[in-house]
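Please read the structure below before turning to the comments.
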Amino acid sequence: MEEQQTCGCDEGKVPDRHGRCVMPEVTFAAFIMSLNTSVLFHLGELTDPTTGRTAVDFDLARNAIDTLVMLEQKTRGNLSHDEEELLKSIVYDSKIRFVKAVRD
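Converting from the sequence shown to the numbering used here requires adding 25 to each position, the first position being numbered 1.
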(Lines of atoms letter the chains of each structure in order from A; the text may use other names.)
(Lines give C-alpha, C1' and ligand atoms only; values in the text may rest on other atoms or scores of the structure.)
Protein backbone atom coordinates (compact mmCIF):
# COMPACT_ATOMS: atom_id res chain seq x y z
CA MET A 26 0.00 0.00 0.00
CA GLU A 27 2.75 2.50 0.89
CA GLU A 28 4.36 1.96 -2.51
CA GLN A 29 1.14 2.99 -4.19
CA GLN A 30 1.08 6.25 -2.29
CA THR A 31 4.78 6.92 -2.84
CA CYS A 32 5.02 6.31 -6.59
CA GLY A 33 1.38 6.68 -7.65
CA CYS A 34 1.28 3.24 -9.31
CA ASP A 35 -1.09 0.36 -8.67
CA GLU A 36 0.16 -2.52 -6.55
CA GLY A 37 2.93 -4.49 -8.23
CA LYS A 38 3.78 -1.76 -10.75
CA VAL A 39 6.62 0.72 -10.76
CA PRO A 40 7.21 3.94 -12.69
CA ASP A 41 9.47 3.60 -15.72
CA ARG A 42 11.91 6.32 -16.81
CA HIS A 43 9.01 8.15 -18.52
CA GLY A 44 6.83 8.03 -15.41
CA ARG A 45 4.42 5.41 -16.80
CA CYS A 46 3.35 2.67 -14.41
CA VAL A 47 4.63 -0.68 -15.69
CA MET A 48 5.38 -4.12 -14.35
CA PRO A 49 8.96 -4.37 -13.04
CA GLU A 50 11.57 -5.71 -15.45
CA VAL A 51 11.81 -9.49 -15.47
CA THR A 52 15.33 -10.47 -14.47
CA PHE A 53 16.89 -13.67 -13.22
CA ALA A 54 17.71 -11.97 -9.91
CA ALA A 55 14.12 -10.79 -9.47
CA PHE A 56 12.87 -14.31 -10.19
CA ILE A 57 15.24 -15.81 -7.61
CA MET A 58 14.21 -13.19 -5.07
CA SER A 59 10.53 -14.00 -5.66
CA LEU A 60 11.23 -17.67 -4.92
CA ASN A 61 13.12 -16.62 -1.81
CA THR A 62 10.13 -14.55 -0.72
CA SER A 63 7.98 -17.64 -1.17
CA VAL A 64 10.31 -19.65 1.08
CA LEU A 65 10.24 -16.95 3.76
CA PHE A 66 6.47 -16.64 3.54
CA HIS A 67 5.89 -20.39 3.90
CA LEU A 68 8.32 -20.58 6.79
CA GLY A 69 6.21 -17.98 8.58
CA GLU A 70 8.88 -15.29 8.44
CA LEU A 71 6.73 -12.91 6.37
CA THR A 72 3.15 -11.91 7.03
CA ASP A 73 0.32 -12.16 4.56
CA PRO A 74 -0.17 -8.54 3.44
CA THR A 75 -3.95 -8.94 3.24
CA THR A 76 -4.48 -10.59 6.64
CA GLY A 77 -1.40 -9.53 8.60
CA ARG A 78 -1.01 -13.14 9.73
CA THR A 79 1.77 -15.65 9.30
CA ALA A 80 1.36 -19.29 8.39
CA VAL A 81 3.82 -22.15 8.21
CA ASP A 82 3.67 -24.70 5.41
CA PHE A 83 6.82 -26.81 5.30
CA ASP A 84 5.73 -28.64 2.14
CA LEU A 85 5.41 -25.41 0.16
CA ALA A 86 8.63 -24.03 1.63
CA ARG A 87 10.46 -27.24 0.69
CA ASN A 88 8.98 -27.06 -2.83
CA ALA A 89 10.28 -23.52 -3.31
CA ILE A 90 13.71 -24.56 -2.00
CA ASP A 91 13.72 -27.57 -4.33
CA THR A 92 12.90 -25.22 -7.21
CA LEU A 93 15.86 -23.02 -6.30
CA VAL A 94 18.15 -26.07 -6.11
CA MET A 95 16.91 -27.30 -9.49
CA LEU A 96 17.58 -23.87 -11.01
CA GLU A 97 21.06 -23.88 -9.50
CA GLN A 98 21.78 -27.27 -11.09
CA LYS A 99 20.19 -26.52 -14.48
CA THR A 100 21.79 -23.09 -14.91
CA ARG A 101 25.30 -24.08 -13.82
CA GLY A 102 27.81 -22.45 -16.16
CA ASN A 103 25.21 -20.16 -17.76
CA LEU A 104 24.92 -17.38 -15.18
CA SER A 105 26.92 -14.25 -14.59
CA HIS A 106 29.13 -14.31 -11.52
CA ASP A 107 26.69 -12.07 -9.62
CA GLU A 108 23.68 -14.23 -10.56
CA GLU A 109 25.52 -17.40 -9.55
CA GLU A 110 26.55 -15.94 -6.20
CA LEU A 111 23.03 -14.65 -5.51
CA LEU A 112 21.50 -18.05 -6.24
CA LYS A 113 24.13 -19.90 -4.21
CA SER A 114 23.58 -17.57 -1.26
CA ILE A 115 19.77 -17.81 -1.43
CA VAL A 116 19.87 -21.62 -1.65
CA TYR A 117 22.19 -21.86 1.35
CA ASP A 118 20.21 -19.36 3.43
CA SER A 119 16.88 -21.01 2.56
CA LYS A 120 18.15 -24.45 3.58
CA ILE A 121 19.48 -23.13 6.90
CA ARG A 122 16.21 -21.32 7.66
CA PHE A 123 14.21 -24.43 6.77
CA VAL A 124 16.24 -26.66 9.11
CA LYS A 125 15.94 -24.13 11.95
CA ALA A 126 12.18 -23.78 11.41
CA VAL A 127 11.64 -27.53 11.40
CA ARG A 128 13.64 -27.91 14.63
CA ASP A 129 11.68 -25.21 16.49
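Using N, Cα and C, we set each Cβ at its ideal position, and we do this for glycine too.
In this structure, the straight-line span from the alpha carbon of Ser-63 to that of Cys-46 is close to 25 Å. For a cut-off of 8 Å, the C-beta gap from Glu-97 to Phe-53 is around 12 Å, too long to register as a contact. With respect to the 8 Å criterion, Ala-126 and Leu-65 are not classified as neighbours on the basis of their beta carbons. The Cβ atoms of Ala-86 and Phe-56 do not sit closer than 8 Å to each other. Under the DSSP assignment, Lys-125 falls in the alpha helix (DSSP H) whose first and last residues are 106-128. Counting along the chain, Asn-103 sits inside no alpha helix (DSSP H), nor does DSSP assign it H or E at all.
The shortest C-alpha to C-alpha distance from Thr-100 to any of Asp-35, Leu-112, Val-81 and Asn-61 is the one to Leu-112. As for any beta strand (DSSP E) of minimum length 3 sitting wholly inside the stretch 33-100, there is none. Apart from the 5 residues on each side of it in sequence, Cys-34 sits with its Cβ closer than 7 Å to the Cβ of Pro-40 and Cys-46 in its chain, given in chain order.
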